[in-house]
Amino acid sequence: MTNVNIVDSVMGSGKTSWAIQHMNEAEGDTNFIYITPFLSEVRRVCKDVPNRKFIEPIHKGKGKLENLKKMILNEADIATTHSLFQCFDDEIIQLLKTGKYTLILDEVMNVVEQYDLNKDDLQLLIQNKMILVDKVTGLITWNSQGDFQDTEYNKIKNLAKTENLYFFENTILFWTFPVSAFQSFKEIYIMTYLFKAQQQKYYFDMYNLEYSYQAVQKLDDKRYVLLNHTDRKPIDKTLMKAQIKIYEGKLNNVGDGKFNFSVSWFGNEENRHLIEKLKNNLYSYFKNNVKTPSEVNMWTCYKTDIPKLVGNGYRGIKHKPGTPHSKKECHVVHNARAMNEFNHKETLAYAVNRFMNPYEKKFFLSKGITVDEDMYALSELIQWIWRSRIREGKAINLYIPSKRMRTLLKDYLDNDL
């Protein structure tokens, strides 16, 4: 049985500091795999855990995945990214089962995603009985031999063989990360906040994977300890509330509808005039209400809607892929987590109304899992806000035109979660 610990503590409480302390002090016969969203954090772990020789997989020979397999075979301590972790295959899973590895996962990952496959290709696979679909669960199994020139078919084959594909709503394929990858570790620590609202929680429940809630607490001597989540000190939000200046005024009038600023709302041609009004409101907020320079302004909307809303005063400079984020960049993706590059941002605008992907929601509901969309939306909003200088204990200005999202945040600041 894998011992799964959810280290659920507010941003800035010391989760990463605890993990570094824990790895430095662990017994020598324990090996670690540390997974984080960003390469900068991979290198931080390699540097800040001097009692162990952490290694980062590199493109060598047949690629990073093969390099990773050799590291596991040699029982090395490994630090790498979410993107490589999502590529774990059956061979890696079997290697992990023979070792004594502990997984430390910095932030939850995407474990369930809609898999896009041409409908004609999907029907071809079904009609030719190359795949079989369980009529009750929707689980897809592979029923053919050999490889294909079409690499997409090979990908479907490999996913089906590890029981990671589901047929849903007659046309949609869902990819699920192999739960056996988590079960191959001796122990797991997942460091996040508001886990109960996140997709990975629903995924664990779907597969009946048991877990316990922990919290980080800092001691007077600068050491960190884990304790049962119910024994943690309540979060004192007095200072937090005082440091977040939420805009209240007529610029909010455009967001009174429950679904205003959702993905479907932005995609509705009938809302084009309201979208133009929202753009004008964003400009007015940055230029007339707060009057902060663009370098310290930060905003978000859905990626496809950036051209509809971007304007002077919050345009910024888009960084090049593979390079550090520009200090002048203004748009920060709405699902940003565990990023410190924007901790100088003082004025924020959140032009998003978050809902789960409707098919993902239906998929979990079909498996008997209860989904809390409001808590999900709140979790996403809080993570985004904490990319700014609030994480440094400094005050911020915040414009949330969606009445729903604004109310969720204000309720959160007034209650302990």
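Residue numbers (the numbering used here): 1431 to 1847. The beta carbon of each residue, even a glycine, is placed where N, CA and C say it ideally should be. Since the structure is predicted, the reported quantities are computational estimates derived from the model, not experimental observations.
request  = Could you tell me the distance, in whole angstroms, from the CA atom of K1791 to the CA atom of T1601?
outcome  = 16 Å
message = Here's the rule I'm using: 16 or more other beta-carbon atoms within 10 Å means buried, otherwise exposed. How should S1614 be labelled?
response = buried
task = Give a yes or no on whether the C-beta atoms belonging to T1730 and V1763 are separated by under 8 Å.
result = yes
query = Does DSSP put E1537 in a helix, a strand or coil?
reply = coil
ask   = Which residues bound the alpha helix (DSSP H) around L1639?
value = Taken as a continuous stretch (DSSP letters only), L1639 belongs to no alpha helix (DSSP H), as it is neither H nor E.
inquiry  = Going by C-alpha to C-alpha distance, which of K1631, L1712, G1823 sits closest to N1800?
reply    = Contrary to the premise, residue 1800 reads as Thr rather than Asn in this sequence. It is K1631 whose Cα lies nearest to the Cα of T1800.
request  = Using beta-carbon positions only, say whether V1684 and P1831 come within less than 8 Å of one another.
outcome  = yes
query = Any Cβ of chain C within less than 8 Å of the Cβ of A1825?
reply = Here there is only one protein chain, and chain C is not present.
query = Alpha carbon to alpha carbon, what distance is there between F1794 and I1556?
reply = 23 Å
query = Among A1766, F1597, N1584, which residue has its Cα nearest to the Cα of S1796?
reply = That would be F1597, whose Cα lies nearest to the Cα of S1796.
Between the CA atoms of L1569 and E1505 - distance to the nearest angstrom = Straight across, the Cα-Cα distance linking E1505 with L1569 is about 34 Å.
request  = Using only alpha-carbon positions, find the residue among N1594, K1824, K1680, D1519 that is nearest to Q1544.
outcome  = Out of N1594, K1824, K1680, D1519, N1594 has the C-alpha closest to the C-alpha of Q1544.
inquiry  = Between the alpha carbons of G1752 and T1432, how many angstroms are there, rounded?
reply    = Because G1752 sits at a pLDDT of 48, beneath the cut-off of 50, its placement in the model cannot be relied upon, and the point is left open.
ask   = What three-state label does DSSP hand G1752 in the structure shown?
value = Reliability of the predicted coordinates at G1752 is poor, the pLDDT of 48 falling under 50, and the value obtained from them is presented with this limitation in mind. Three-state result, G1752: coil.
message = Let me make sure I understand the geometry here. Which of E1725, H1703, L1503, K1499 has the alpha-carbon closest to that of F1515?
response = K1499
message = Less than 8 Å between C-beta atoms, sequence neighbours within five positions excluded: which residues of the same chain meet that for S1809?
response = The answer, listed in chain order, is Y1623, L1624, A1627, Q1628.
task = Go through its chain and collect everything with a Cβ distance to G1444's Cβ below 7 Å, but skip five positions before and after it.
result = V1646, K1648, Y1654
inquiry  = Give me the DSSP bridge partner(s) of Y1596.
reply    = L1569, F1604
ask   = Considering only residues of the same chain and omitting the five flanking positions on each side of S1439, which have a CB-CB separation below 7 Å?
value = K1445, Y1623, A1645, V1646
message = Report the CB separation of N1711 from L1778 in whole angstroms; it is logged as a contact under 8 Å.
response = Contact between N1711 and L1778 is ruled out by a C-beta separation of about 14 Å, above the 8 Å threshold.
DSSP-derived helix/strand/coil call for Q1628 = coil
task = Please check the pair D1536 and M1621, which I expect to be a contact at CB under 8 Å, by giving their CB distance rounded to whole angstroms.
result = Contact between D1536 and M1621 holds: CB atoms are separated by about 5 Å, below the 8 Å threshold.
3-residue-minimum beta strand (DSSP E) runs that sit fully inside the segment 1666-1709, ordered along the chain = With a minimum length of 3 residues, the continuous beta strand (DSSP E) runs that stay inside the segment 1666-1709 are 1674-1676.
key: Counted within 10 angstroms of its Cβ, other Cβ atoms place K1490 as buried (16 or more) or exposed   = Per the 10 Å Cβ criterion, exposed.
request  = Would you mind listing the beta strand (DSSP E) stretches within the segment 1491-1560 that are 3+ residues and don't spill past its ends, in chain order?
outcome  = 1507-1511, 1531-1536, 1542-1545
ask   = Between which two residues does the alpha helix (DSSP H) carrying A1611 extend?
value = 1609-1613
ask   = Alpha carbon to alpha carbon, how far is H1659 from N1435?
value = Rounded to the nearest angstrom, the two C-alpha atoms are 10 Å apart.
inquiry  = Considering only their Cβ atoms, is the gap separating A1766 from L1739 smaller than 8 Å?
reply    = no
ask   = Is R1702 buried or exposed, if buried means 16 or more other CB atoms sit within 10 Å of its CB?
value = Flag for R1702 reads exposed.
key: Selection from K1833, Q1524, I1815, W1448 that minimises the alpha carbon distance to Y1619   = W1448
inquiry  = Would V1726 and H1774 be called neighbours here (beta carbons separated by less than 8 Å)?
reply    = It is a contact, given that the beta carbons lie within the stated cut-off.
task = Mind checking which residues open and close the alpha helix (DSSP H) that includes D1804?
result = 1803-1815
key: Length of the line joining the Cα atoms of L1469 and I1508   = 13 Å
query = Applying the criterion that 16 or more other CB atoms from any shown protein chain within 10 Å of the CB defines a buried residue, is S1818 buried or exposed?
reply = buried
request  = Compute the Euclidean distance between the alpha carbons of D1661 and V1437, then round it to the nearest angstrom.
outcome  = If I take the Cα positions, the gap works out to 13 Å.
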